[in-house]
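Trainee: This structure is in structure tokens; I'll ask about it shortly.
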Amino acid sequence: MSHGFDTLAIHAGQDPEARTGAVIPPIYQTSTYAQDAVGAPRQGYEYSRSGNPTRDALQECLAALEGGPVGLAFASGLAAEDALLRTVCVPGDHVVIPDDAYGGTYRLFAKVAERWGLSYTPAKVSDPDAVRAAIRPGSTKIVWLETPTNPLLGIADIATLASVAHDAGALLVVDNTFASPYLQQPIALGADVVVHSTTKYIGGHSDVVGGALVAADAALGEELRYHQNAMGAVNGPFDAWLTLRGIKTLGVRMDRHCDNAERIAGYLDGHAKVAQVLYPGLPSHPGHEVAAKQMRRFGGMISFRAAGGEEHAVEICNRAKLFVLAESLGGVESLIEHPGRMTHASAAGSPLEVPGDLVRLSVGIETVEDLLADLEQALG
Numbered sequence: 005m006s007h008g009f010d011t012l013a014i015h016a017g018q019d020p021e022a023r024t025g026a027v028i029p030p031i032y033q034t035s036t037y038a039q040d041a042v043g044a045p046r047q048g049y050e051y052s053r054s055g056n057p058t059r060d061a062l063q064e065c066l067a068a069l070e071g072g073p074v075g076l077a078f079a080s081g082l083a084a085e086d087a088l089l090r091t092v093c094v095p096g097d098h099v100v101i102p103d104d105a106y107g108g109t110y111r112l113f114a115k116v117a118e119r120w121g122l123s124y125t126p127a128k129v130s131d132p133d134a135v136r137a138a139i140r141p142g143s144t145k146i147v148w149l150e151t152p153t154n155p156l157l158g159i160a161d162i163a164t165l166a167s168v169a170h171d172a173g174a175l176l177v178v179d180n181t182f183a184s185p186y187l188q189q190p191i192a193l194g195a196d197v198v199v200h201s202t203t204k205y206i207g208g209h210s211d212v213v214g215g216a217l218v219a220a221d222a223a224l225g226e227e228l229r230y231h232q233n234a235m236g237a238v239n240g241p242f243d244a245w246l247t248l249r250g251i252k253t254l255g256v257r258m259d260r261h262c263d264n265a266e267r268i269a270g271y272l273d274g275h276a277k278v279a280q281v282l283y284p285g286l287p288s289h290p291g292h293e294v295a296a297k298q299m300r301r302f303g304g305m306i307s308f309r310a311a312g313g314e315e316h317a318v319e320i321c322n323r324a325k326l327f328v329l330a331e332s333l334g335g336v337e338s339l340i341e342h343p344g345r346m347t348h349a350s351a352a353g354s355p356l357e358v359p360g361d362l363v364r365l366s367v368g369i370e371t372v373e374d375l376l377a378d379l380e381q382a383l384g
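Take any residue in the sequence shown, note its place counting from 1, add 4, and you have its number in my numbering.
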């Protein structure tokens, strides 16, 4: 029997605990496990880097929500990305990445993986021809997408780019952090691996850092599991438990994020102090039709360009009160930041450098009229 998203979020991997009937999975705060005999670990558990029941519950839930056979949880989103790259690629391989991507992802490629011998080419992922042109036949192992992208909210057609990648013998990897599995399910559209920073919408409360991979193919998933253990960047049991707690309300939270973001995007659009609003829910957005096709709704992230230039953008961020000036996103509270000087500072001077007049909003679930009033005073 198949279940709806919210049912899976609450129940997948989270049956009542067998011994006591506890409704919430316990936190197995242990590093090691007593074995029944030499070489006979009880239920397969021997050491918590290799396996932990709390983490297993989270991994089963993540796989169910993304529709893949194997889900894996990591200490951070970047730890998940690193494990994926070193599982799939070897020195001399090549990856196509978005020309608008999270600054930490760019730093991983430019400052870490490139030194290891992995080359990369930025491409405009909203343009399938640009992605096709960036592929190096025989050496491109991954086409890497964000959709929506961070921070310019570009939209990539997942199904089309899955065909482009597969025609070249490459895997399609989709960072689904901005959308969450509630709004978008890349595996159903042809993706091979989904990446998450579970710190963001999945955790949802700005109180835990984590990452995840979900594989569409069981064999690839087991390769990733091997590297997860061999490299060791797993999340601890309490972090896994916090993330599971957040997942339970993901659907209802995302609906409120979307409700609020749609109101705010409409308010900013055409505002005298705003030069451009970047939100895929606006019909004027170039990726609106593709987003409407592959997303349930349009998400809680908005970027806009300040009409007064970079200094005006910085002033807006500094004047905001209810919107907290902070990095990260996806929590219940609203955040504001200046990507060029904060989350994307590592991309300065690169093809991924973001405009200096850009402001990024993570729209929370507060009373929307309060958020609108805060933006009105912050815009000046």
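Note that the Cβ used here is the ideal one computed from N, Cα and C, for glycine as well. Computed from a predicted model, the values in this text were never measured in an experiment.
Counting only the same chain and skipping the five closest in sequence on each side, list residues whose C-beta sits under 6 Å from that of Thr151.
Mentor: On the sequence shown, position 147 is the one that residue 151 refers to. Counting only Cβ-Cβ distances below 6 Å, and skipping sequence neighbours, we find Ile159, Ala160.
Trainee: List the DSSP bridge partners of His200.
Mentor: If you number the sequence shown from 1, residue 200 lands on position 196. Partner(s): Ala216.
Trainee: Under the DSSP definition of a beta bridge, which residues are partnered with Trp148?
Mentor: As a first step, residue 148 must be located in the sequence shown, where it is residue number 144. Bridge partners of Trp148: Val177.
Trainee: Could you tell me the boundaries of the alpha helix (DSSP H) in which Tyr271 lies?
Mentor: Position 267 of the sequence shown, counted from the first residue, corresponds to residue 271. Unbroken alpha helix (DSSP H) run through Tyr271: 254–272.
Trainee: Measure the beta-carbon distance from Leu286 to Ala310 and round it to whole angstroms, keeping in mind my assumption that it falls under 8 Å.
Mentor: Counting from one through the sequence shown, the residue named residue 286 turns up at place 282. Counting from one through the sequence shown, the residue named residue 310 turns up at place 306. Contact flag wrong, Cβ pair sits at about 17 Å.
Trainee: Could you check what DSSP says for Ile251 in three-state terms: helix, strand or coil?
Mentor: Position 247 of the sequence shown, counting from 1, holds the residue named residue 251. DSSP places Ile251 in helix when its eight states are reduced to three.
Trainee: Distance check for Leu88 and His231, CA to CA, integer angstroms please.
Mentor: Residue mapping note: residue 231 aligns to position 227 of the sequence shown, counting from 1. Residue mapping note: residue 88 aligns to position 84 of the sequence shown, counting from 1. Taking the straight line joining both Cα atoms gives about 8 Å.
Trainee: Using a Cβ distance threshold of 8 Å, determine whether the region 96–105 contacts the region 60–68, with at least three qualifying pairs required.
Mentor: no
Trainee: At the level of alpha carbons, what is the spacing between Gly360 and Gly344?
Mentor: In the sequence shown, the residue the question calls residue 360 occupies position 356. In the sequence shown, the residue the question calls residue 344 occupies position 340. Taking the straight line from one Cα to the other gives about 6 Å.
Trainee: Within 10 Å of its beta-carbon, does Ile251 have 16 or more other beta-carbons around it, so buried, or fewer, so exposed?
Mentor: Here the question's residue 251 lines up with position 247 in the sequence shown. It is buried - the Cβ of Ile251 has at least 16 other Cβ atoms within 10 Å.
Trainee: How far does the alpha helix (DSSP H) with Gly107 in it extend, from its first residue to its last?
Mentor: By 1-based counting over the sequence shown, the position of residue 107 is 103. Looking at the DSSP string, the run of the alpha helix (DSSP H) that includes Gly107 is 107–111.
Trainee: Which of the three DSSP states is assigned to Gly48 in this structure?
Mentor: One-based indexing of the sequence shown puts residue 48 at position 44. Helix, per DSSP.
Trainee: How far does the alpha helix (DSSP H) with Val318 in it extend, from its first residue to its last?
Mentor: Position 314 of the sequence shown, counted from the first residue, corresponds to residue 318. Here the alpha helix (DSSP H) through Val318 covers 313–323.
Trainee: If we count the other Cβ atoms within 10 Å of its Cβ and call it buried at 16 or more, is Ser201 buried or exposed?
Mentor: In the sequence shown, the residue the question calls residue 201 occupies position 197. Burial call: buried.
Trainee: In this structure, does DSSP put Tyr32 in helix, strand or coil?
Mentor: Counted from its first residue, the sequence shown places residue 32 at position 28. In this structure, Tyr32 counts as coil in the three-state DSSP scheme.
Trainee: Comparing alpha-carbon positions, which option in Phe9, Arg23, Leu76 lies nearest Gly236?
Mentor: As a working note, residue 236 is residue 232 in the sequence shown. With distances taken between Cα atoms, Gly236 lies closest to Leu76.
Trainee: Bridge partners of Phe78, per DSSP?
Mentor: The count along the sequence shown starts at 1 and reaches residue 78 at position 74. Answer by DSSP bridge pairing, in chain order: Gly215.
Trainee: Output the distance between the C-alpha atoms of Tyr32 and Arg364, rounded to the nearest integer angstrom.
Mentor: Your numbering for residue 32 matches position 28 in the sequence shown. Your numbering for residue 364 matches position 360 in the sequence shown. Looking at the two C-alpha atoms, the distance is approximately 38 Å.
Trainee: For Met4, which option in Glu50, Arg59, Pro45, Leu156 has the closest C-alpha, if you only look at C-alpha atoms?
Mentor: Absent from the model: residue 4. The displayed extent of the chain is 5 to 384, so no value can be given.
Trainee: How do the region 333–350 and the region 213–220 stand: do at least 3 beta-carbon pairs fall below 8 Å, yes or no?
Mentor: no
Trainee: Using C-beta distances below 6 Å, list every residue in its chain close to Arg111, excluding the 5 sequence neighbours before and after it, in chain order.
Mentor: For this step, residue 111 is matched to residue 107 along the sequence shown. Excluding sequence neighbours, Arg111 sits near Ser350.
Trainee: Where do the ends of the beta strand (DSSP E) carrying Ile14 lie?
Mentor: Here residue 14 is taken as the residue at index 10 of the sequence shown, counted from 1. Where Ile14 is concerned, there is no enclosing beta strand (DSSP E), although the alpha helix (DSSP H) it sits in stretches over 9–15.
Trainee: Out of Leu326, Ala234, Glu21, Gly255, state which residue places its alpha-carbon closest to the alpha-carbon of Glu373.
Mentor: Your numbering for residue 373 matches position 369 in the sequence shown. Closest option to Glu373, Cα to Cα, is Leu326.
Trainee: Answer yes if the region 247–261 comes into contact with the region 277–292, meaning at least three C-beta pairs across the two stretches below 8 Å, and no otherwise.
Mentor: By the Cβ test, the region 277–292 is not in contact with the region 247–261, since fewer than three Cβ pairs between them sit closer than 8 Å.
Trainee: How close, in whole Å, do the beta carbons of Ala169 and Val147 come, if the pair is a contact with beta carbons under 8 Å?
Mentor: For the purposes of this step, residue 169 is identified with residue 165 of the sequence shown, where counting begins at 1. For the purposes of this step, residue 147 is identified with residue 143 of the sequence shown, where counting begins at 1. Rounded, the Cβ-Cβ distance is 4 Å, consistent with contact.
Trainee: Going along the chain, which residues of its own chain have a beta-carbon closer than 7 Å to the beta-carbon of Arg53, five neighbours each way excluded?
Mentor: Indexing the sequence shown from 1 puts residue 53 at position 49. Hits under 7 Å: Asn233, Gly236, Val238.
Trainee: Below 7 Å CB to CB, which residues in the same chain sit around Ile206 once its five sequence neighbours on both sides are set aside?
Mentor: Against the sequence shown, residue 206 aligns to sequence position 202. Counting only Cβ-Cβ distances below 7 Å, and skipping sequence neighbours, we find Ser184, His200, Thr247, Gly250, Ile251, Leu254.
Trainee: Which partner residues does Phe308 have in the DSSP bridge list?
Mentor: Here residue 308 refers to the residue found at position 304 of the sequence shown. DSSP lists Val281, Val363 as partners of Phe308.
Trainee: If distances are taken between C-alpha atoms only, which option among Ala377, Gln189, Glu85 comes closest to Gly72?
Mentor: Here residue 72 corresponds to residue number 68 of the sequence shown, with the count starting at 1. With distances taken between Cα atoms, Gly72 lies closest to Gln189.
Trainee: Would you give the residue range spanned by the alpha helix (DSSP H) that Pro185 belongs to?
Mentor: Within the sequence shown, numbered from 1, the residue matching residue 185 stands at position 181. For Pro185, the enclosing alpha helix (DSSP H) covers residues 184–187.
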